[in-house]
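A.B. asks: Heads up: the protein sequence lines correspond to chains A and B, in order.
Residues in the first sequence are numbered consecutively from 1388, following the numbering used here.
Residues in the second sequence are numbered consecutively from 6, following the numbering used here.
Glycine is no exception: its CB is placed at the ideal position from the N, C-alpha and C atoms.
Keep in mind that this is a model prediction, so the values were computed, not measured.
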Amino acid sequence: MKIAPLKISLFVIITLSILMIITSLLCYKNFIGLLSLWSRANKMNIYLKVDSTDKDKTDVLNLIQQTPQVSSAVVLDRQKAGLEFQNSLKNFSSGLITEDEMIDLIPETIEVDLQSSLTLTERETIFTELAKKMSANAQVDEISYSASWLKKLEFIDRILRSIGASVFLVLVTSISYLVALMMRSYVEDSKQEIEVYSLLGATRWSVYRIFLKDVFLFISTSLIIAFSSVLLIFTLLKNKLNTSGLFGMISDSLHFLSLTESISIVVLLFLFIFINSFFTIQASVNKLNQLSYD
Amino acid sequence: MIGPSGAGKTTLFKLISAYEKISSGEVSVLGHNVGQLKRGQIPFLRRKIGFVLQSYKLLKNKTVFENIELPLIILNVNKEERQKKVSAMISQVGLTEVQDQFPDFLSGGEQQRVAIARALIHDPEIVIADEPTGNLDPELSNSIMNLFFKFSKSGVTFVVATHDYRLIKEPGCRILKVDKGELVEDHIL
């Protein structure tokens, strides 16, 4: 098939669309990754009553362990915590309070952490349920886990998902429309060739195949170019962040799409554009069925 | 098939090749009832027919060789056999010198010879030629008709529509004269 400008336009449109989709997904993944990283640092502290015994501590620990998503429940070393606190106040309170008095001020604390694979929403739900269960225990004095922050993060995640889904839908619809438009022009510009093929006894499928072969080539090349470009930009950006001290920590937490994610995206986009193109080609060729004989 | 413009020659050819729907009667071609054919069966009927049209219907982005090769590609003939058959056909129609050229660089007579070669390459049972000399001068028209007579001797049936009956001189040709959609004369030269 000829019509180079149409082919080039179609190729550019498909490549840019794929590039936009991959970039959006990558941004979402890393933003949520950064939020999750922050939330993972946020653990639950369960403060026991002053008169709690070792048996009480063990009972509370056993109760915590009943939640399968709990990855660790550690009784904090009061002595160490006291020293740290005293050191931080050294300049202000030197000699005002003794080490023993300080330790007595610190309640028995159990630090609870959840499995790192949990999402923000799951983390928030499990912490809330655990907090409810623990407050019912007579030996628990107070519970702290920055519930409001987790709720805010969960809200941000939800908003991002909604925006992401809407943007994805808009992008996908635009791609469908543009690809359909381009394919239609492409088929119409190849009217003469379709006529000749039809005159010589080519079946509909063999006519579709001529176009589909081109579409297959476009999508494959577009996918390779789009993926390579995003990967290249991502690597360069990550390296740049790595060298600048301020964002060094952030750069460690940035990840490209995993192999499974990449394959899923490639397969999905490929199928989507290919099926869309096929139906457009089919409709356009069928419309041209009244082929001129003259 | 001779007759003035508008006599129904092209309509008959369109009916034979299933380009036109049959409103009444029956058209039977090579054992196929054309009116009864399903959409998917039409290409297989057309593969048994060779077409030579006034407008040549050549692909401008393909060379002479590639244009002639097309019916064999559609029939899934292997490359080696295609090369052999196309080369033989090119020398039979006298296009060896221009086989790598594109149609736009050929004269009208050469383009029509490419169309004839393409119509014959897959050994069709009949060849339909609708006003094949319509765009050619008398000398070239005669050479094209001579080409038809030459190939008809090898057993291919040519159905040629023309309004210039002076071109049909070969003894043994069956002349069908149509006018206003009716067959008005049928005789053999």
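Quick check on this structure: which residue in A:1580, A:1606, A:1420 and A:1554 has the alpha carbon closest to the alpha carbon of residue 1654 (chain A)?
C.D. replies: Numbered from its first residue, the first sequence carries residue 1654 (chain A) at position 267. Of A:1580, A:1606, A:1420 and A:1554, the residue nearest in Cα terms is A:1606.
A.B. asks: Answer yes or no: does any C-beta atom of chain A fall closer than 9 Å to that of residue 45 (chain B)?
C.D. replies: Counting from 1 along the second sequence, the entry for residue 45 (chain B) is found at position 40. Chain A, which has a Cβ nearer than 9 Å to the Cβ of residue 45 (chain B), makes this yes.
A.B. asks: Could you work out which residues of chain B lie near residue 1613 (chain A), taking near to mean beta carbons separated by less than 8 Å?
C.D. replies: Here the question's residue 1613 (chain A) lines up with position 226 in the first sequence. Per Cβ cutoff of 8 Å: no residues; residue 1613 (chain A) is ~29 Å from chain B at best.
A.B. asks: In chain order, what residues of the same chain lie with their CB nearer than 7 Å to the CB of residue 63 (chain B), ignoring the 5 residues before and after it?
C.D. replies: Residue 63 (chain B) sits at position 58 when you count from the first residue of the second sequence. These residues qualify, in order along the chain: 72, 108, 116, 119 and 120.
A.B. asks: Based on Cα-Cα distance, which residue from A:1450, A:1529 and A:1640 lies nearest to residue 1437 (chain A)?
C.D. replies: Indexing the first sequence from 1 puts residue 1437 (chain A) at position 50. Closest option to residue 1437 (chain A), Cα to Cα, is A:1529.
A.B. asks: Given this structure, state the Cα-to-Cα distance separating residue 1452 (chain A) from residue 1460 (chain A), to the nearest angstrom.
C.D. replies: Within the first sequence, residue 1452 (chain A) is the residue found at index 65, counting from 1. Within the first sequence, residue 1460 (chain A) is the residue found at index 73, counting from 1. Cα to Cα, residue 1452 (chain A) sits roughly 7 Å from residue 1460 (chain A).
A.B. asks: Ends of the alpha helix (DSSP H) at residue 1607 (chain A)?
C.D. replies: On the first sequence, residue 1607 (chain A) is found 220 positions in, with the first residue counted as 1. Counting along the chain, the alpha helix (DSSP H) containing residue 1607 (chain A) begins and ends at 1591-1630.
A.B. asks: Is it true that the CB of residue 1507 (chain A) sits closer than 9 Å to the CB of residue 1411 (chain A)?
C.D. replies: Taking the first sequence and counting its residues from 1, one reaches residue 1411 (chain A) at position 24. Taking the first sequence and counting its residues from 1, one reaches residue 1507 (chain A) at position 120. Cβ atoms of residue 1411 (chain A) and residue 1507 (chain A): not closer than 9 Å.
A.B. asks: Decide if residue 135 (chain B) is buried, meaning its Cβ has at least 16 other Cβ atoms within 10 Å, or exposed.
C.D. replies: As a working note, residue 135 (chain B) is residue 130 in the second sequence. So residue 135 (chain B) counts as buried.
A.B. asks: Determine the closest residue to residue 1521 (chain A) out of A:1432, A:1674 and A:1559, with distance taken between C-alpha atoms.
C.D. replies: Taking the first sequence and counting its residues from 1, the one referred to as residue 1521 (chain A) is at position 134. The candidate whose alpha carbon is nearest that of residue 1521 (chain A) is A:1432.
A.B. asks: Whose C-beta lies closer than 8 Å to the C-beta of residue 188 (chain B) among residues of the same chain, with five residues either side of it excluded?
C.D. replies: Start at 1 with the first residue of the second sequence, and residue 188 (chain B) comes out as number 183. Only 181 and 182 meet the Cβ criterion.
A.B. asks: Along the chain, where does the alpha helix (DSSP H) that runs through residue 102 (chain B) open and close?
C.D. replies: The sequence position of residue 102 (chain B) within the second sequence is 97, counting from 1. No alpha helix (DSSP H) contains residue 102 (chain B), which DSSP labels as neither H nor E.
A.B. asks: Any residues in the region 1573-1598 of chain A with a beta carbon nearer than 8 Å to a beta carbon of chain B? Which ones, in chain order?
C.D. replies: 1579, 1580, 1582, 1583, 1584, 1585, 1586, 1587, 1588, 1589, 1590, 1591 and 1593
A.B. asks: Alpha carbon to alpha carbon, how far is residue 1558 (chain A) from residue 14 (chain B)?
C.D. replies: Reading the first sequence from its first residue, position 171 is the one you call residue 1558 (chain A). Reading the second sequence from its first residue, position 9 is the one you call residue 14 (chain B). When rounded, the distance between both Cα atoms is 53 Å.
A.B. asks: May I ask you to report which of helix, strand or coil DSSP gives residue 52 (chain B)?
C.D. replies: The residue labelled residue 52 (chain B) in the question sits at position 47 within the second sequence. Reduced to three states, the DSSP call for residue 52 (chain B) is coil.
A.B. asks: Give the interface partners of residue 48 (chain B) over in chain A, defined as CB-CB distance under 7 Å, in chain order.
C.D. replies: If you number the second sequence from 1, residue 48 (chain B) lands on position 43. The answer, in chain order, is 1588, 1589 and 1590.
A.B. asks: Residue 1518 (chain A) by DSSP, collapsed to three states: which one?
C.D. replies: Sequence index remark: in the first sequence, residue 1518 (chain A) carries index 131 (1-based). Residue state, collapsed to three classes: helix.
A.B. asks: Taking Cβ positions, are residue 1527 (chain A) and residue 1660 (chain A) nearer each other than 9 Å?
C.D. replies: In the first sequence, counting from the first residue as 1, residue 1527 (chain A) sits at position 140. In the first sequence, counting from the first residue as 1, residue 1660 (chain A) sits at position 273. Not in contact: residue 1527 (chain A) and residue 1660 (chain A) (Cβ atoms no closer than 9 Å).
A.B. asks: Assign residue 49 (chain B) to buried or exposed, taking buried as 16 or more other Cβ atoms, counted over all protein chains shown, within 10 Å of its Cβ.
C.D. replies: The count along the second sequence starts at 1 and reaches residue 49 (chain B) at position 44. Result: exposed.
A.B. asks: Grab me the residues of residue 145 (chain B)'s own chain with a C-beta within less than 6 Å of its C-beta, minus the 5 sequence neighbours each way, in chain order.
C.D. replies: On the second sequence, position 140 is the one that residue 145 (chain B) refers to. 114.
A.B. asks: Whose Cβ in chain A lies nearer than 8 Å to the Cβ of residue 64 (chain B)?
C.D. replies: Along the second sequence, read from residue 1 onward, the residue named residue 64 (chain B) stands at position 59. Within chain A, the residues near residue 64 (chain B) are 1579, 1580 and 1583.
A.B. asks: Please report how far the alpha carbon of residue 127 (chain B) lies from the alpha carbon of residue 76 (chain B), in whole angstroms.
C.D. replies: Numbered from 1 along the second sequence, position 122 holds the residue referred to as residue 127 (chain B). Numbered from 1 along the second sequence, position 71 holds the residue referred to as residue 76 (chain B). In a straight line, the C-alpha of residue 127 (chain B) is about 6 Å away from that of residue 76 (chain B).
A.B. asks: Compare the C-alpha of residue 1434 (chain A) against each of A:1505, A:1582, A:1525 and A:1454 and name the closest.
C.D. replies: In the first sequence, the residue the question calls residue 1434 (chain A) occupies position 47. Nearest C-alpha to residue 1434 (chain A): A:1525.
A.B. asks: Counting only beta-carbon atoms, is residue 201 (chain B) nearer than 9 Å to chain A?
C.D. replies: Residue 201 (chain B) is absent from the structure shown; chain B starts at 6 and stops at 194.
A.B. asks: So which residues of chain A does residue 194 (chain B) contact, with C-beta pairs closer than 7 Å?
C.D. replies: One-based indexing of the second sequence puts residue 194 (chain B) at position 189. None at all; the shortest Cβ gap to chain A is about 28 Å.
A.B. asks: When the cut-off is 9 Å and only beta carbons count, does residue 10 (chain B) lie next to chain A?
C.D. replies: Position 5 of the second sequence holds residue 10 (chain B). So no, residue 10 (chain B) is outside the interface.
A.B. asks: Would you please state the rounded distance, in angstroms, between the beta carbons of residue 1497 (chain A) and residue 1462 (chain A)? I believe it to be under 8 Å.
C.D. replies: Taking the first residue of the first sequence as 1, we reach residue 1497 (chain A) at position 110. Taking the first residue of the first sequence as 1, we reach residue 1462 (chain A) at position 75. Correct: roughly 5 Å between the Cβ atoms.
A.B. asks: Alpha carbon to alpha carbon, what distance is there between residue 1649 (chain A) and residue 1388 (chain A)?
C.D. replies: Position 1 of the first sequence, counted from the start, is the residue given in the question as residue 1388 (chain A). Position 262 of the first sequence, counted from the start, is the residue given in the question as residue 1649 (chain A). Because the pLDDT of residue 1388 (chain A) is 48, which lies under 50, any placement of that residue in the model is unreliable, and the number read from its coordinates should be weighed accordingly. Roughly 32 Å separates the two Cα atoms.
A.B. asks: Check whether the Cβ atoms of residue 1652 (chain A) and residue 1400 (chain A) lie closer than 9 Å to each other.
C.D. replies: Along the first sequence, one-based indexing puts residue 1652 (chain A) at 265. Along the first sequence, one-based indexing puts residue 1400 (chain A) at 13. It is not a contact, given that the beta carbons lie outside the stated cut-off.
A.B. asks: Counting only beta-carbon separations shorter than 9 Å, does residue 79 (chain B) have a partner in chain A?
C.D. replies: On the second sequence, residue 79 (chain B) is found 74 positions in, with the first residue counted as 1. For residue 79 (chain B), the nearest CB of chain A lies under 9 Å from its own CB, placing it at the interface with that chain.
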